[in-house]
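Accompanying notes for the structure given below.
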Amino acid sequence: MSTVELSTSRIEELLGDQARSLLDHQSTTIDKSQLHLPGPDFIDRVWLDSDRTPQVLQNLSWLQASGRLAHTGYVSILPVDQGIEHSGGASFAPNPAYFDPENIVKLAIEGGCNAVASTVGVLGAMSRKYAHKIPFIVKLNHNEFLGYPNAYDQIMFASVRKAHELGAAGVGATIYFGSDESRRQIVEVAAAFEEAHRLGMFTVLWCYLRNSAFKTDKDYHVSADLTGQANHLGTTIEADIIKQKLPENNGGYPAMNLNGSYGKTHDKVYSELTTDNPIDLTRYQLANCYMGRAGLINSGGASSGATDLAEAVRTAVINKRAGGTGLISGRKAFQRPMAEGIELLNAIQDVYLSPEVTIA
115 MSTVELSTSR IEELLGDQAR SLLDHQSTTI DKSQLHLPGP DFIDRVWLDS
165 DRTPQVLQNL SWLQASGRLA HTGYVSILPV DQGIEHSGGA SFAPNPAYFD
215 PENIVKLAIE GGCNAVASTV GVLGAMSRKY AHKIPFIVKL NHNEFLGYPN
265 AYDQIMFASV RKAHELGAAG VGATIYFGSD ESRRQIVEVA AAFEEAHRLG
315 MFTVLWCYLR NSAFKTDKDY HVSADLTGQA NHLGTTIEAD IIKQKLPENN
365 GGYPAMNLNG SYGKTHDKVY SELTTDNPID LTRYQLANCY MGRAGLINSG
415 GASSGATDLA EAVRTAVINK RAGGTGLISG RKAFQRPMAE GIELLNAIQD
465 VYLSPEVTIA
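For the sequence shown, the working numbering gives the first residue as 115, with consecutive numbering after it.
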(Lines of atoms letter the chains of each structure in order from A and count residues from 1; the text may use other names and numbers.)
(Lines give C-alpha, C1' and ligand atoms only; values in the text may rest on other atoms or scores of the structure.)
Protein backbone atom coordinates (compact mmCIF):
# COMPACT_ATOMS: atom_id res chain seq x y z
CA MET A 1 0.00 0.00 0.00
CA SER A 2 1.25 3.50 -0.84
CA THR A 3 2.38 5.90 1.85
CA VAL A 4 -0.35 8.32 2.95
CA GLU A 5 0.88 11.86 2.39
CA LEU A 6 -2.27 13.75 3.41
CA SER A 7 -2.42 13.77 7.22
CA THR A 8 -5.63 13.55 9.20
CA SER A 9 -5.07 17.08 10.46
CA ARG A 10 -4.74 18.31 6.88
CA ILE A 11 -7.96 16.51 5.91
CA GLU A 12 -9.70 18.21 8.85
CA GLU A 13 -8.28 21.56 7.79
CA LEU A 14 -9.56 21.12 4.24
CA LEU A 15 -13.01 20.11 5.48
CA GLY A 16 -13.18 23.28 7.57
CA ASP A 17 -16.35 23.73 9.61
CA GLN A 18 -17.76 20.51 8.15
CA ALA A 19 -14.94 18.36 9.58
CA ARG A 20 -16.77 17.10 12.65
CA SER A 21 -20.12 16.48 10.91
CA LEU A 22 -18.35 14.42 8.25
CA LEU A 23 -15.56 12.66 10.15
CA ASP A 24 -17.47 11.89 13.35
CA HIS A 25 -20.84 10.99 11.85
CA GLN A 26 -22.19 7.52 12.63
CA SER A 27 -24.97 6.42 10.32
CA THR A 28 -28.21 5.14 11.86
CA THR A 29 -30.02 4.66 8.55
CA ILE A 30 -28.75 1.61 6.63
CA ASP A 31 -26.26 -0.20 8.83
CA LYS A 32 -22.83 -0.81 7.33
CA SER A 33 -23.16 -4.52 8.16
CA GLN A 34 -25.76 -4.76 5.40
CA LEU A 35 -23.40 -3.37 2.76
CA HIS A 36 -20.96 -5.14 0.46
CA LEU A 37 -18.01 -2.90 1.30
CA PRO A 38 -14.81 -2.43 -0.72
CA GLY A 39 -11.79 -4.48 0.27
CA PRO A 40 -8.85 -6.43 -1.16
CA ASP A 41 -11.07 -9.53 -1.47
CA PHE A 42 -13.99 -7.77 -3.18
CA ILE A 43 -13.74 -9.74 -6.45
CA ASP A 44 -13.74 -13.11 -4.67
CA ARG A 45 -16.26 -12.05 -2.02
CA VAL A 46 -18.83 -10.38 -4.28
CA TRP A 47 -18.29 -10.85 -8.01
CA LEU A 48 -17.37 -14.54 -7.92
CA ASP A 49 -21.04 -15.40 -7.33
CA SER A 50 -22.19 -13.48 -10.40
CA ASP A 51 -22.50 -14.35 -14.08
CA ARG A 52 -19.36 -12.36 -14.94
CA THR A 53 -16.91 -14.39 -17.03
CA PRO A 54 -13.33 -15.16 -15.96
CA GLN A 55 -12.12 -12.52 -18.43
CA VAL A 56 -14.34 -9.84 -16.86
CA LEU A 57 -13.15 -10.84 -13.38
CA GLN A 58 -9.57 -10.68 -14.64
CA ASN A 59 -10.03 -7.12 -15.92
CA LEU A 60 -11.83 -6.06 -12.73
CA SER A 61 -8.91 -7.53 -10.79
CA TRP A 62 -6.44 -5.58 -12.95
CA LEU A 63 -8.41 -2.39 -12.25
CA GLN A 64 -8.22 -3.02 -8.51
CA ALA A 65 -4.53 -3.97 -8.66
CA SER A 66 -3.42 -0.74 -10.38
CA GLY A 67 -2.25 2.65 -9.13
CA ARG A 68 -1.72 3.91 -5.58
CA LEU A 69 -4.94 2.28 -4.37
CA ALA A 70 -3.91 -1.18 -5.58
CA HIS A 71 -5.28 -4.07 -3.49
CA THR A 72 -7.46 -1.86 -1.29
CA GLY A 73 -10.74 -2.38 -3.14
CA TYR A 74 -10.95 1.36 -3.86
CA VAL A 75 -10.47 3.03 -7.24
CA SER A 76 -9.37 6.44 -8.47
CA ILE A 77 -10.22 7.00 -12.14
CA LEU A 78 -9.24 9.90 -14.40
CA PRO A 79 -12.10 10.66 -16.86
CA VAL A 80 -11.44 12.95 -19.80
CA ASP A 81 -14.31 12.94 -22.31
CA GLN A 82 -15.09 16.62 -21.89
CA GLY A 83 -13.55 17.47 -25.28
CA ILE A 84 -16.82 16.19 -26.73
CA GLU A 85 -19.20 16.71 -23.82
CA HIS A 86 -18.19 20.35 -23.20
CA SER A 87 -16.07 21.15 -26.32
CA GLY A 88 -12.30 20.99 -26.66
CA GLY A 89 -11.93 24.72 -26.15
CA ALA A 90 -13.98 24.88 -22.97
CA SER A 91 -12.16 21.87 -21.56
CA PHE A 92 -8.55 22.31 -22.62
CA ALA A 93 -8.02 26.06 -23.04
CA PRO A 94 -7.05 26.35 -19.33
CA ASN A 95 -4.22 23.88 -20.06
CA PRO A 96 -3.69 23.27 -23.81
CA ALA A 97 -1.26 20.39 -23.15
CA TYR A 98 -4.27 18.13 -22.74
CA PHE A 99 -5.31 18.55 -26.35
CA ASP A 100 -2.61 15.85 -26.76
CA PRO A 101 -4.03 12.44 -25.72
CA GLU A 102 -0.64 11.29 -24.42
CA ASN A 103 -0.70 13.86 -21.65
CA ILE A 104 -4.11 12.57 -20.53
CA VAL A 105 -2.75 9.05 -20.15
CA LYS A 106 0.46 10.32 -18.52
CA LEU A 107 -1.57 12.26 -15.94
CA ALA A 108 -3.49 9.09 -15.04
CA ILE A 109 -0.31 7.03 -14.69
CA GLU A 110 1.80 9.61 -12.87
CA GLY A 111 -1.20 10.57 -10.75
CA GLY A 112 -1.47 6.99 -9.45
CA CYS A 113 -4.91 6.30 -10.90
CA ASN A 114 -6.37 2.82 -11.28
CA ALA A 115 -7.59 3.59 -14.80
CA VAL A 116 -8.11 6.28 -17.43
CA ALA A 117 -11.51 6.76 -19.08
CA SER A 118 -11.74 8.69 -22.32
CA THR A 119 -12.98 8.72 -25.90
CA VAL A 120 -12.21 6.09 -28.51
CA GLY A 121 -10.08 8.71 -30.29
CA VAL A 122 -7.94 9.58 -27.28
CA LEU A 123 -7.36 5.98 -26.19
CA GLY A 124 -7.01 4.70 -29.76
CA ALA A 125 -4.24 7.24 -30.36
CA MET A 126 -2.31 5.87 -27.38
CA SER A 127 -3.30 2.20 -27.56
CA ARG A 128 -0.04 0.49 -28.53
CA LYS A 129 2.06 2.56 -26.15
CA TYR A 130 -0.08 2.44 -23.00
CA ALA A 131 -2.99 -0.05 -23.15
CA HIS A 132 -0.88 -2.69 -21.38
CA LYS A 133 0.37 -0.24 -18.73
CA ILE A 134 -2.89 1.10 -17.27
CA PRO A 135 -6.49 -0.11 -17.67
CA PHE A 136 -8.27 1.78 -20.47
CA ILE A 137 -12.01 2.50 -20.19
CA VAL A 138 -13.49 3.54 -23.54
CA LYS A 139 -16.45 5.89 -23.16
CA LEU A 140 -18.85 4.67 -25.86
CA ASN A 141 -21.41 7.47 -26.03
CA HIS A 142 -21.36 11.24 -25.64
CA ASN A 143 -23.55 14.31 -25.78
CA GLU A 144 -22.78 15.93 -29.16
CA PHE A 145 -22.56 19.61 -28.33
CA LEU A 146 -21.93 21.29 -31.69
CA GLY A 147 -25.36 21.08 -33.33
CA TYR A 148 -27.47 24.22 -33.25
CA PRO A 149 -29.47 24.69 -31.17
CA ASN A 150 -27.68 22.61 -28.52
CA ALA A 151 -29.45 19.39 -27.61
CA TYR A 152 -28.89 16.92 -24.79
CA ASP A 153 -28.76 13.32 -25.94
CA GLN A 154 -26.17 10.60 -25.53
CA ILE A 155 -25.33 9.04 -28.88
CA MET A 156 -22.92 6.23 -29.70
CA PHE A 157 -19.49 7.35 -30.90
CA ALA A 158 -17.75 3.96 -30.68
CA SER A 159 -18.48 0.26 -30.87
CA VAL A 160 -17.78 -2.26 -28.13
CA ARG A 161 -15.74 -4.32 -30.58
CA LYS A 162 -13.50 -1.34 -31.37
CA ALA A 163 -12.91 -0.80 -27.65
CA HIS A 164 -11.93 -4.45 -27.32
CA GLU A 165 -9.59 -4.27 -30.32
CA LEU A 166 -7.66 -1.28 -28.95
CA GLY A 167 -7.03 -3.18 -25.71
CA ALA A 168 -9.58 -1.64 -23.34
CA ALA A 169 -10.17 -3.37 -20.02
CA GLY A 170 -13.60 -1.78 -19.68
CA VAL A 171 -16.21 0.37 -21.39
CA GLY A 172 -18.26 3.25 -20.07
CA ALA A 173 -21.49 4.95 -21.12
CA THR A 174 -23.95 7.60 -19.96
CA ILE A 175 -27.71 7.36 -19.67
CA TYR A 176 -29.71 10.55 -19.15
CA PHE A 177 -32.37 9.02 -16.91
CA GLY A 178 -35.61 10.99 -16.85
CA SER A 179 -35.16 12.39 -20.37
CA ASP A 180 -37.32 11.60 -23.41
CA GLU A 181 -34.30 9.86 -24.92
CA SER A 182 -33.56 7.69 -21.89
CA ARG A 183 -35.66 4.75 -23.09
CA ARG A 184 -33.60 4.45 -26.27
CA GLN A 185 -30.36 4.96 -24.34
CA ILE A 186 -31.27 2.19 -21.87
CA VAL A 187 -31.78 -0.27 -24.73
CA GLU A 188 -28.55 0.79 -26.49
CA VAL A 189 -26.38 0.71 -23.38
CA ALA A 190 -27.84 -2.55 -22.07
CA ALA A 191 -26.98 -4.22 -25.39
CA ALA A 192 -23.49 -2.67 -25.39
CA PHE A 193 -22.80 -3.83 -21.82
CA GLU A 194 -23.96 -7.35 -22.66
CA GLU A 195 -21.50 -7.44 -25.56
CA ALA A 196 -18.73 -5.95 -23.45
CA HIS A 197 -19.17 -8.67 -20.82
CA ARG A 198 -19.17 -11.30 -23.57
CA LEU A 199 -15.82 -9.94 -24.78
CA GLY A 200 -14.39 -9.85 -21.25
CA MET A 201 -14.56 -6.13 -20.41
CA PHE A 202 -16.08 -4.60 -17.28
CA THR A 203 -18.71 -1.85 -17.50
CA VAL A 204 -19.05 1.61 -15.94
CA LEU A 205 -22.30 3.60 -16.17
CA TRP A 206 -22.63 7.37 -15.73
CA CYS A 207 -26.15 7.40 -14.16
CA TYR A 208 -27.09 11.03 -14.72
CA LEU A 209 -30.52 12.65 -14.54
CA ARG A 210 -31.61 15.05 -17.26
CA ASN A 211 -35.00 16.80 -17.36
CA SER A 212 -35.75 20.50 -16.99
CA ALA A 213 -38.74 19.60 -14.79
CA PHE A 214 -36.31 18.34 -12.13
CA LYS A 215 -35.33 21.96 -11.45
CA THR A 216 -37.97 23.61 -9.28
CA ASP A 217 -37.33 25.05 -5.83
CA LYS A 218 -34.15 22.92 -5.79
CA ASP A 219 -32.07 21.15 -8.38
CA TYR A 220 -33.40 17.63 -8.00
CA HIS A 221 -30.94 16.29 -10.59
CA VAL A 222 -28.82 15.71 -7.47
CA SER A 223 -31.49 14.48 -5.06
CA ALA A 224 -30.70 11.24 -3.23
CA ASP A 225 -34.03 9.58 -4.02
CA LEU A 226 -33.98 10.23 -7.79
CA THR A 227 -30.26 9.54 -8.26
CA GLY A 228 -30.70 6.43 -6.14
CA GLN A 229 -33.34 5.10 -8.53
CA ALA A 230 -31.09 5.94 -11.49
CA ASN A 231 -28.39 3.85 -9.81
CA HIS A 232 -30.87 1.00 -9.35
CA LEU A 233 -31.71 1.03 -13.06
CA GLY A 234 -28.02 1.16 -13.96
CA THR A 235 -27.23 -1.83 -11.77
CA THR A 236 -30.17 -3.66 -13.33
CA ILE A 237 -28.53 -3.54 -16.78
CA GLU A 238 -25.39 -5.02 -15.18
CA ALA A 239 -23.13 -2.03 -14.81
CA ASP A 240 -20.22 -3.25 -12.68
CA ILE A 241 -19.45 0.26 -11.43
CA ILE A 242 -21.94 3.11 -11.04
CA LYS A 243 -20.80 6.70 -11.44
CA GLN A 244 -23.11 9.23 -9.85
CA LYS A 245 -23.01 12.87 -8.82
CA LEU A 246 -22.74 13.47 -5.10
CA PRO A 247 -26.25 14.07 -3.69
CA GLU A 248 -26.93 17.63 -2.59
CA ASN A 249 -30.55 17.30 -1.44
CA ASN A 250 -33.46 14.87 -1.17
CA GLY A 251 -37.19 14.76 -1.89
CA GLY A 252 -37.21 14.70 -5.68
CA TYR A 253 -40.19 12.36 -5.84
CA PRO A 254 -42.42 14.43 -3.49
CA ALA A 255 -41.47 17.62 -5.35
CA MET A 256 -42.36 16.13 -8.73
CA ASN A 257 -45.68 14.86 -7.36
CA LEU A 258 -46.78 18.40 -6.52
CA ASN A 259 -47.49 18.92 -10.22
CA GLY A 260 -49.12 15.54 -10.91
CA SER A 261 -48.55 11.87 -10.40
CA TYR A 262 -44.89 10.91 -10.80
CA GLY A 263 -43.12 7.64 -10.06
CA LYS A 264 -43.35 5.85 -6.72
CA THR A 265 -41.54 6.25 -3.42
CA HIS A 266 -42.11 5.48 0.27
CA ASP A 267 -42.20 7.63 3.41
CA LYS A 268 -39.44 5.53 4.99
CA VAL A 269 -37.01 6.69 2.28
CA TYR A 270 -37.08 10.08 4.01
CA SER A 271 -37.89 9.19 7.65
CA GLU A 272 -35.62 6.15 8.18
CA LEU A 273 -33.31 5.47 5.22
CA THR A 274 -31.85 8.97 4.89
CA THR A 275 -31.00 12.04 6.94
CA ASP A 276 -29.72 15.47 5.92
CA ASN A 277 -26.11 14.34 6.35
CA PRO A 278 -24.49 13.90 2.90
CA ILE A 279 -22.95 10.59 4.05
CA ASP A 280 -26.42 9.15 4.63
CA LEU A 281 -27.71 10.56 1.34
CA THR A 282 -24.78 8.91 -0.46
CA ARG A 283 -25.39 5.65 1.43
CA TYR A 284 -28.92 5.62 -0.01
CA GLN A 285 -27.36 5.92 -3.47
CA LEU A 286 -25.14 2.96 -2.60
CA ALA A 287 -28.06 0.89 -1.30
CA ASN A 288 -29.61 1.18 -4.76
CA CYS A 289 -26.42 -0.33 -6.24
CA TYR A 290 -27.57 -3.69 -4.83
CA MET A 291 -26.17 -2.71 -1.42
CA GLY A 292 -22.74 -2.12 -2.94
CA ARG A 293 -22.45 -5.22 -5.12
CA ALA A 294 -21.87 -2.68 -7.90
CA GLY A 295 -19.31 -0.17 -6.66
CA LEU A 296 -20.42 3.46 -6.31
CA ILE A 297 -17.99 6.12 -7.48
CA ASN A 298 -18.93 9.77 -7.18
CA SER A 299 -17.84 12.45 -9.61
CA GLY A 300 -15.42 15.19 -8.68
CA GLY A 301 -17.43 17.91 -10.41
CA ALA A 302 -16.35 21.03 -12.25
CA SER A 303 -13.18 22.94 -11.47
CA SER A 304 -13.81 25.86 -9.11
CA GLY A 305 -10.20 27.03 -8.95
CA ALA A 306 -8.71 27.62 -5.52
CA THR A 307 -11.29 25.46 -3.70
CA ASP A 308 -10.78 22.35 -5.88
CA LEU A 309 -8.59 20.48 -3.40
CA ALA A 310 -10.99 21.04 -0.50
CA GLU A 311 -13.99 20.04 -2.63
CA ALA A 312 -12.27 16.88 -3.89
CA VAL A 313 -11.25 15.79 -0.39
CA ARG A 314 -14.78 16.46 0.92
CA THR A 315 -16.31 14.32 -1.84
CA ALA A 316 -13.82 11.51 -1.16
CA VAL A 317 -14.55 11.56 2.57
CA ILE A 318 -18.31 11.41 1.98
CA ASN A 319 -18.03 8.61 -0.59
CA LYS A 320 -15.68 6.50 1.53
CA ARG A 321 -17.61 6.93 4.78
CA ALA A 322 -20.86 6.07 2.97
CA GLY A 323 -19.31 2.79 1.77
CA GLY A 324 -18.49 3.85 -1.77
CA THR A 325 -15.71 2.53 -3.99
CA GLY A 326 -13.92 5.70 -5.01
CA LEU A 327 -13.85 8.88 -7.01
CA ILE A 328 -13.74 9.79 -10.67
CA SER A 329 -12.24 13.26 -11.00
CA GLY A 330 -11.37 14.95 -14.30
CA ARG A 331 -11.61 18.70 -14.69
CA LYS A 332 -10.25 19.43 -11.22
CA ALA A 333 -7.10 17.51 -12.24
CA PHE A 334 -6.47 18.33 -15.90
CA GLN A 335 -7.45 22.01 -15.95
CA ARG A 336 -4.24 22.91 -14.11
CA PRO A 337 -0.48 22.19 -14.53
CA MET A 338 0.28 18.46 -14.44
CA ALA A 339 2.20 18.63 -11.14
CA GLU A 340 -0.80 20.25 -9.45
CA GLY A 341 -3.16 17.74 -11.07
CA ILE A 342 -1.06 14.87 -9.71
CA GLU A 343 -1.11 16.46 -6.25
CA LEU A 344 -4.90 16.70 -6.31
CA LEU A 345 -5.35 13.10 -7.48
CA ASN A 346 -2.95 11.91 -4.77
CA ALA A 347 -4.89 13.85 -2.13
CA ILE A 348 -8.10 12.05 -3.15
CA GLN A 349 -6.30 8.72 -2.98
CA ASP A 350 -4.88 9.56 0.44
CA VAL A 351 -8.42 9.76 1.84
CA TYR A 352 -9.01 6.15 0.78
CA LEU A 353 -5.62 5.07 2.10
CA SER A 354 -6.15 6.77 5.47
CA PRO A 355 -7.09 4.33 8.26
CA GLU A 356 -8.57 7.24 10.22
CA VAL A 357 -11.31 7.84 7.63
CA THR A 358 -13.62 4.93 8.40
CA ILE A 359 -17.02 3.64 7.24
CA ALA A 360 -19.77 5.51 9.08
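All residues carry an ideal CB built from backbone N, CA and C; glycine is no exception. In this text, all values refer to a predicted model and were calculated from it rather than measured experimentally.
Completely contained alpha helix (DSSP H) runs for the stretch 342–421, where each covers 4 or more residues: 366–371, 382–385, 392–401
Pull up the distance between the alpha-carbon of Val-230 and that of Val-219, whole angstroms please. 7 Å
When Ala-265, Ala-287, Tyr-266, Leu-260 are compared against Ala-272, the one with the closest alpha-carbon: Ala-287
Suppose the cutoff is 6 Å on Cβ atoms and the five residues either side in sequence are ignored; what does the same chain contact list for Ser-205 look like? Contacts found: Gln-196, Gly-197.
State the DSSP-derived secondary structure class of Gln-268, mapped to helix, strand or coil. strand
Residue(s) in a DSSP beta bridge with Asp-333: In DSSP, Asp-333 forms a bridge with Lys-329.
Segment contact, 8 Å Cβ cut-off, at least three pairs: the stretch 362–380 with the stretch 158–175: no
With DSSP run on the structure shown, which of helix, strand or coil describes Phe-259? coil
Beta carbon of Gly-348 nearer than 8 Å to that of Leu-319: yes
Span of the beta strand (DSSP E), counted from its first residue to its last, around Pro-193: 189–194
What's the C-alpha gap between Ala-265 and Ala-453? 36 Å
Just the Cα atoms here: how many angstroms apart are Thr-472 and Pro-263? Taking the straight line joining both Cα atoms gives about 47 Å.
Name, in chain order, the residues that DSSP records as bridge partners for Ile-289. Cys-321
Compute the Euclidean distance between the alpha carbons of Lys-146 and Asp-214, then round it to the nearest angstrom. 43 Å
Mind checking whether Leu-360 and Ile-432 have CB atoms under 8 Å apart? yes
Using the C-alpha atoms, what's the distance from Ser-180 back to Ala-369? 43 Å
Keeping to the same chain, check which residues put their C-beta closer than 7 Å to that of Asp-257; ignore five residues upstream and five downstream. Correcting the residue type first, residue 257 is Asn in the shown sequence and not Asp. Result list for Asn-257: Glu-199, Tyr-266, Asp-267, Gln-268, in chain order.
Quick check on DSSP: helix, strand or coil for Val-118? coil
For Pro-168, count neighbouring C-beta atoms within 10 Å of its own C-beta (all shown protein chains included) and say buried if the count is 16 or more, exposed if not. exposed
Please go through the stretch 419–448 and give each complete alpha helix (DSSP H) segment of 4 or more residues, from N-terminal end onward. 422–436, 445–448
Would Asn-217 and Ile-191 qualify as a contact pair, given that the criterion is a beta-carbon distance under 8 Å? No; because the gap between Cβ atoms is not below 8 Å, this pair is not in contact.
Just to confirm my understanding: we take Lys-434, look at its own chain, exclude 5 residues before and 5 after, and list those with CB closer than 7 Å. What are they? Val-465, Tyr-466, Val-471
Hey, out of Gln-399, Gly-414, Gly-415, whose CA is closest to Ala-408's CA? Taking the Cα of Ala-408 as reference, the smallest distance to any Cα among Gln-399, Gly-414, Gly-415 is reached at Gln-399.
Considering just the uninterrupted stretch of the alpha helix (DSSP H) at Phe-213, what are its terminal residues? For Phe-213, there is no enclosing alpha helix (DSSP H), as DSSP marks it with neither H nor E.
What are the boundary residues of the beta strand (DSSP E) that Lys-253 is part of? 250–253
Residues sharing a beta bridge with Ala-231, DSSP: Pro-193, Ile-251
Does the stretch 244–251 come within contact of the stretch 279–296, defined as at least 3 CB pairs closer than 8 Å? yes
Taking Cβ to Cβ, would you say His-139 is nearer than 8 Å to Ala-401? no
Quick one: what's Phe-156 bridged to in DSSP? Among the bridge pairs identified by DSSP, Phe-156 is matched with none.
Exposed or buried, His-311, counting other C-beta atoms within 10 Å across all chains shown (16 or more means buried)? buried
Using the C-alpha atoms, what's the distance from Ile-462 back to Ile-300? Taking the Cα positions, Ile-300 is about 31 Å away from Ile-462.
Please go through the same chain and pick out, in chain order, the residues whose beta-carbon is closer than 7 Å to the beta-carbon of Leu-395, but skip the five residues on each side of it. Ala-338, Pro-361, Asn-364, Thr-388
Going by alpha carbons, who is nearest to Leu-177 out of Arg-450, Thr-439, Asn-325? Leu-177 has its Cα closest to that of Thr-439, out of Arg-450, Thr-439, Asn-325.
For Gly-284, does the three-state DSSP call read helix, strand or coil? strand
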